[in-house]
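Residue numbers (the numbering used here): 6 to 303.
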């Protein structure tokens, strides 16, 4: 295994609730009120639809607002990784990823583990540059038992809801999260910040029409069948855990560029080579803050 390279769940495609469009020479994100399943291939600046997108719709005009899914792992944090993340807006590289207690940050001395005070208390996060960022891997269809579709989000509602659902489902299923028949569902709500306009977030529920008791019976039966066939779920979870821990940052530079395009529409143009990079500016800021704290210490 190559050290320093995060080994992530294999991805077959993406689940999105919007797309990137070009307006006045700029590529900007456009929100939607339905799911779209795309492949990993782009053509003319747009992601090509995955064949499952058409299969899941009952008609050409049907809006896809729920998707039957299963999860790959019993550990909620392997299925859904949520962190505070700060990207270099010029290069697209991840600079700092933290959980509110500890972070991994690129510095002039290399990648370091440092305390994380969350965006509200971090001097590097001023101006909304650091956001919650989550990645959910889900299994759709039966073509590939270990392949997944990835849903990325920086939305508080989706991150909070998905985190809660995964923990609750793991608890009530007796650690059989990977065997539960689940459904990815799009929900809408209005908030004060949205001025009454609906905003959409992603929820994870039991499949429509199934009671909790039916879902638990199905999960128990599938778990027993897998064990009898020799399926080692605990070993699979540990292999995924080891792979994710193998690198400091999960997203590659190429994937980070896609994240910036989709979630950071205010990204400025890359700075000229005569100007210091954001990484250098952040490092200088951190050094200045550290010096100030040292001088203030009696």
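Ideal Cβ placement from N, Cα and C applies to all residues, glycine included.
Residue of the options minimising C-alpha distance to residue i
i           : options               : result
residue 72  : 177, 145 and 159      : 145
residue 171 : 142, 226 and 27       : 142
residue 159 : 81, 219 and 133       : 133
residue 52  : 24, 39 and 38         : 24
residue 11  : 245, 264, 213 and 216 : 245
residue 45  : 93, 8, 152 and 34     : 152
residue 48  : 37, 26 and 68         : 26
residue 30  : 50, 43, 41 and 228    : 50
residue 211 : 231, 63 and 167       : 167
residue 123 : 221, 101, 116 and 177 : 101
residue 13  : 268, 256, 40 and 262  : 256
Assigned secondary structure, residue i (DSSP; H/G/I helix, E/B strand, else coil)
i           : result
residue 276 : Any answer about residue 276 is weak, because its pLDDT of 39 lies below 50 and its placement is not dependable; what the coordinates show is given next. The answer is coil: DSSP assigns residue 276 none of H, G, I, E or B.
residue 208 : strand
residue 8   : coil
residue 252 : coil
residue 24  : strand
residue 216 : coil
residue 228 : helix
residue 122 : coil
residue 117 : strand
residue 15  : coil
residue 258 : helix
residue 305 : Lying outside 6 to 303, the shown extent of the chain, residue 305 is not represented and no answer is given.
Buried versus exposed, by CB contacts within 10 Å (16 or more), residue i
i           : result
residue 84  : buried
residue 98  : buried
residue 89  : buried
residue 161 : exposed
residue 195 : exposed
residue 238 : buried
residue 201 : exposed
residue 191 : buried
residue 109 : buried
residue 178 : buried
residue 224 : buried
residue 139 : buried
residue 116 : exposed
Cutoff 8 Å: residue i Cβ touching any chain D Cβ
i           : result
residue 206 : Considering every chain present, this structure includes no chain D. It has just one protein chain.
Which parts of the region 39-107 are runs of the beta strand (DSSP E), unbroken and 3 residues or longer, counting only runs that do not cross its ends?
51-54, 71-74, 85-92 and 99-103
Cβ pair count under 8 Å reaching 3, the region 11-20 against the region 45-57
yes
For the region 138-209, list the beta strand (DSSP E) runs that are entirely contained and at least 3 residues long, ordered along the chain.
153-158 and 187-194
Counting beta carbon pairs with one atom in the region 223-243 and one in the region 76-83, are three or more of them shorter than 8 Å?
yes
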